[in-house]
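Written out below as structure tokens is the structure these notes cover.
2 protein chains.
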Amino acid sequence: MTRVICDISVSVDGFVTGPNDTRSNPFGDGADCLHDWLSVSATDEDRAVLAASVEEIGAVVMGRKSFDKNEGDGGWGDLGPFGAVPCFVVTHRVPQDQYPAVFSFVTDGVAGAIEAARAAAVAKSVQLHGASVMQQAMPLRLVDELRLHVVPVLLGSGTRLFGALDGAVELERTKVVVTPAATHLTFRVLAPSDGVGGG
Amino acid sequence: MTRVICDISVSVDGFVTGPNDTRSNPFGDGADCLHDWLSVSATDEDRAVLAASVEEIGAVVMGRKSFDKNEGDGGWGDLGPFGAVPCFVVTHRVPQDQYPAVFSFVTDGVAGAIEAARAAAVAKSVQLHGASVMQQAMPLRLVDELRLHVVPVLLGSGTRLFGALDGAVELERTKVVVTPAATHLTFRVLAPSDGVGGG
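Written as structure tokens, this is what we have:
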């Protein structure tokens, strides 16, 4: 079954960018280190983690800010496969400019985008790109898995990965990979009926 | 040398209590599970993690809210050793009630409380109890170590462990212990001069 996965690098204090993230400064101030495990600090284990994730991406869902920040010459162009799979952009307004056919603009919210992405991903996974769509999808219980690449830094400000919830969401840790540059933690999001109770 | 340690259970989204934490509901709504690794879900490895931490506590620093919430019949009474070491409470106003002699009330801020606690701890460590004093101490570079017991749950609201910072604080992960109930991560806080740079 197609899983909906949030796979993202995050500081120990829960930020996925530093402050002042823009198209020309996509990771925000002081936060380039969040991605060192992908590049300058990458070990074979880090590369295996990345390769496994990239390999299974069948479609991407992202918010409009991520699209505006990354489309074209921005950061995501570096990640190759992200540009080669269908990408559904959650937006209030379809842009007038022409974009490559890989992009679809979805105006009925994150649930519709995820539904379309599931269909497009076929047997692969749907990757939620950026914090915004995850924050929208989690309260709707539309996220199946979190893959957090926890980087040993406190950023203290920027874009938070997690948003508010009406109640607790139980997780099950399914994998831990420890490398010098990151602690790679995978969690399955449990359905309310799977929960073991809040103690 | 006496280390200043923040040793605390935290949800994957960075909360140390759920909402509505009070003296009668010390962990807040839905957050009792944060401490299951200490009790119902404890394995021998969890117990060893706890024992090692408790054994080295030479003094405690806590905020006034933690004190008001926990003193006497509250949660911390269960943790035995916490009541047997000098405890410095950061407060604006010294309470008029009589408290056991183990408690000292410090009105000149977290730095003074940590200084007094360091002296009292002798060769052991200073334990920062609760998020508030850690949030005050971290920007002053008065925290040496974070020991995070990451529990597989998203709480979505409550008391956040980490606060705002003026700039990034580099960490070095020094230990990982993986148990079914928690991922125990220890980080050394690097001095600015130790930093490997932000990428």
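If you read the protein sequences in the order shown, they are chains A and B.
The working numbering puts the first residue of the first sequence at 211, with every later residue one more than the last.
The working numbering puts the first residue of the second sequence at 211, with every later residue one more than the last.
Every residue, glycine too, gets a C-beta built ideally from N, C-alpha and C.
Please report whether the beta-carbon of residue i lies at a distance below 7 Å from any beta-carbon of chain C.
{"i": "E255 of chain A", "result": "Although the question refers to chain C, the structure presented lacks it and instead comprises the protein chains A and B."}
Tell me, to the nearest whole angstrom, how far the beta carbon of residue i is from that of residue j; I am working on the premise that it is less than 8 Å.
{"i": "V226 of chain B", "j": "V388 of chain A", "result": "The pair is not a contact, with the Cβ atoms about 23 Å apart (cut-off 8 Å)."}
{"i": "W340 of chain A", "j": "A241 of chain A", "result": "Per the sequence shown, the amino acid found at residue 340 of chain A is Gly instead of Trp. Not quite, the Cβ-Cβ distance comes to about 14 Å (not below 8 Å), so this is no contact."}
{"i": "V399 of chain B", "j": "L356 of chain B", "result": "7 Å"}
{"i": "L364 of chain A", "j": "L381 of chain B", "result": "7 Å"}
{"i": "P349 of chain A", "j": "R383 of chain B", "result": "The Cβ separation is near 31 Å, so there is no contact."}
{"i": "L244 of chain A", "j": "S263 of chain A", "result": "Wrong, their Cβ atoms sit about 15 Å apart, outside the cutoff."}
{"i": "G366 of chain B", "j": "D223 of chain B", "result": "7 Å"}
For a contact defined as C-beta to C-beta under 7 Å, what are the partners of residue i on chain A?
{"i": "L395 of chain B", "result": "T393"}
{"i": "S342 of chain B", "result": "Residues of chain A passing the Cβ test: none, with the nearest at roughly 15 Å."}
{"i": "G338 of chain B", "result": "In the sequence as displayed, the identity of residue 338 of chain B is Leu instead of Gly. Under the 7 Å cutoff, chain A gives no residues; its nearest Cβ is about 15 Å from L338 of chain B."}
Who are the Cβ neighbours of residue i in its own chain at under 8 Å, not counting the five residues just before and after it?
{"i": "V312 of chain A", "result": "G293, A294, V295, P296, C297"}
{"i": "F237 of chain A", "result": "T227, G228, D231, L244, H245, G285"}
{"i": "P390 of chain A", "result": "S251, T253"}
{"i": "A401 of chain A", "result": "R351"}
{"i": "Q308 of chain A", "result": "none"}
{"i": "K275 of chain B", "result": "G340, S342"}
Since residue i meets chain B, which of its residues come closer than 8 Å, beta carbon to beta carbon?
{"i": "P362 of chain A", "result": "E380, L381, E382, R383, F397"}
{"i": "S367 of chain A", "result": "A374, L375"}
{"i": "G224 of chain A", "result": "D223, G224, F372"}
{"i": "G268 of chain A", "result": "Ordered by position in chain B, no residue passes the 8 Å Cβ test against G268 of chain A, which lies about 25 Å from the chain."}
Smallest Cα separation from residue i: which of the options?
{"i": "S234 of chain B", "options": "B:L375, B:K279, B:S249", "result": "B:K279"}
{"i": "R328 of chain A", "options": "A:G366, A:V271, A:Y309", "result": "A:V271"}
{"i": "K334 of chain B", "options": "B:G238, B:G268, B:D256, B:N230", "result": "B:G268"}
{"i": "D239 of chain B", "options": "B:E265, B:D246, B:N230", "result": "B:N230"}
{"i": "D376 of chain A", "options": "A:D254, A:Q345, A:R213, A:V316", "result": "A:Q345"}
{"i": "E266 of chain A", "options": "A:R370, A:I215, A:L371", "result": "A:I215"}
{"i": "F277 of chain B", "options": "B:E255, B:F315, B:L371", "result": "B:F315"}
{"i": "D256 of chain A", "options": "A:T393, A:P402, A:A401", "result": "A:T393"}
{"i": "L371 of chain A", "options": "A:T212, A:S219, A:Q306", "result": "A:S219"}
Taking 6 Å as the limit between beta carbons, can you name the residues of its chain near residue i, skipping five residues before and five after?
{"i": "F397 of chain A", "result": "L356, L381, R383"}
{"i": "A347 of chain B", "result": "V320, V353"}
{"i": "G273 of chain B", "result": "V300, G340, S342, V343"}
{"i": "V304 of chain B", "result": "F315"}
{"i": "A330 of chain B", "result": "A269, P296"}
{"i": "A326 of chain B", "result": "F298"}
{"i": "G322 of chain A", "result": "V316"}
{"i": "S403 of chain A", "result": "none"}
{"i": "Q306 of chain B", "result": "none"}
Please work out which residues of its chain come closer than 7 Å, Cβ to Cβ, to residue i, disregarding the five sequence neighbours upstream and downstream, and give them in chain order.
{"i": "L395 of chain A", "result": "L358, V360, R383, V386"}
{"i": "L453 of chain A", "result": "This structure cannot speak to residue 453 of chain A, because chain A is shown only from 211 to 409."}
{"i": "A258 of chain B", "result": "none"}
{"i": "V332 of chain B", "result": "G268"}
{"i": "V379 of chain B", "result": "M348, V399"}
{"i": "D217 of chain B", "result": "S263, Q337, R357"}
{"i": "I302 of chain B", "result": "The amino acid at residue 302 of chain B is misidentified as Ile; the sequence shows His. Only T317 meet the Cβ criterion."}
{"i": "G211 of chain A", "result": "Here residue 211 of chain A is Met; the residue named in the question, Gly, does not match the sequence. Cβ within range, chain order: n/a, list empty."}
{"i": "I324 of chain A", "result": "V214, V271, V336, A347, L352"}
Cβ closer than 9 Å: which chain B residues qualify as neighbours of residue i?
{"i": "V214 of chain A", "result": "Those do not exist, as V214 of chain A stays about 15 Å from chain B at its closest Cβ, beyond 9 Å."}
{"i": "G273 of chain A", "result": "None at all; the shortest Cβ gap to chain B is about 19 Å."}
Chain B partners of residue i, CB-CB under 7 Å?
{"i": "V386 of chain A", "result": "V388, T393"}
Hey, is residue i close to the ligand ADP, as in C-beta under 6 Å from one of its heavy atoms?
{"i": "G268 of chain A", "result": "Ligands in the displayed structure: none, and consequently the ligand ADP is not present."}
Subject >> Complete beta strand (DSSP E) runs within the region 363-400 of chain A (minimum length 3 residues, chain order) >> reply: Listed in chain order, the complete beta strand (DSSP E) runs (minimum 3 residues) inside the region 363-400 of chain A are 379-388, 393-399.
Enumerated in chain order, which unbroken segments of the alpha helix (DSSP H) with a length of 4 residues or greater are wholly contained in the region 305-347 of chain A? Fully enclosed alpha helix (DSSP H) runs of 4 or longer: 320-331, 341-347.
- Task: Counting only runs of 3+ residues fully inside the region 216-259 of chain A, write out the beta strand (DSSP E) ranges in chain order.
- Result: Runs of the beta strand (DSSP E) inside the region 216-259 of chain A: 225-227.
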